[in-house]
Structure formats: structure tokens, C-alpha cells
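Inspection log for the structure reproduced underneath, given as C-alpha cells.
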Amino acid sequence: NREPWELDPRMFSDPVPPHANVRSPRVAGGLGTVPRLVGEGQDIYPRRLPLGEALSRIETIYKPYHDQLKRLITRTHSRFGFAVLVDCHSMPASVRVGDSGIR
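Heads up, the sequence shown is in the numbering used here, so the first residue is -8 and it goes up one at a time.
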């Protein structure tokens, strides 16, 4: 449930492409195509990543996964007349808000 170009310029050592969606709510929350934050707002990476790392992940992970998903949905729809995609996420039971300790 991310488009491939939801890239957070704050996490890369190189400029992101001009077509990157840098203003989506997911990017603003640190959860772009390549997430910047985890759990309680902690940085995942200790340093900025080269943009090539994100581009490689998009080509070798994101695109093949979504291409296969599209094929499976198309095949299922052709066979049964409909297809259902259940999109599940594992989310923390609570999240701390800033340094206030509020959960």
C-alpha cells in the first residue's frame, strides 16, 4: 500500500528523483516506500542511505512483489469472477507520543 516513489528526502545522501512523492502522509510519518522510522519514532538507519539503495530495493523487491501480486489477482479474478485481497498489518499495541511518555 505504498506507491514505489514515496521517498523521504531526509533519509538519503543524494537528491531524490523529481517524480518522487515526498509529501504523502506516509512519507511525513517516516513510512515511505523505504521506511525511515520504526516503533516509537526511532530512526532505523544510523546514517543517510545512498539513493541507489532505495532504487535497488524498488527494482529487486517492490516491483517483483507487486507484479506477482497483480498476476495472482488477475488469475484469481479470471477463474472465479472476483478476487479479494486481505491487507493485514502488524501494529504495536501502543505508541509513545514524542518524549512526553504519553501512550
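Note that the Cβ used here is the ideal one computed from N, Cα and C, for glycine as well. If you're wondering where the values come from, they're calculated on a predicted model, not measured in any experiment.
Test item: CB-CB of residue i and residue j under 9 Å
i	j	result
PRO(-5)	LYS61	no
GLU44	VAL13	no
ARG(-7)	LEU22	yes
ALA74	HIS68	yes
DSSP three-state assignment for residue i, whether helix, strand or coil
i	result
PHE71	helix
With 16 other Cβ atoms within 10 Å as the buried cut-off, status of residue i
i	result
PHE3	buried
VAL18	buried
6 Å CB neighbourhood of residue i in its chain, flanking five on each side removed
i	result
ALA11	TRP(-4) and LEU(-2)
Contact set for residue i: own chain, Cβ-Cβ below 7 Å, skip 5 residues either direction
i	result
VAL7	LEU(-2), PRO0, VAL13 and LEU42
ARG95	The first residue shown for the chain is -8 and the last is 94, placing residue 95 beyond what the model contains.
Quiz item: What are the complete beta strand (DSSP E) segments, minimum 3 residues, inside the region 29 to 67?
Solution: none
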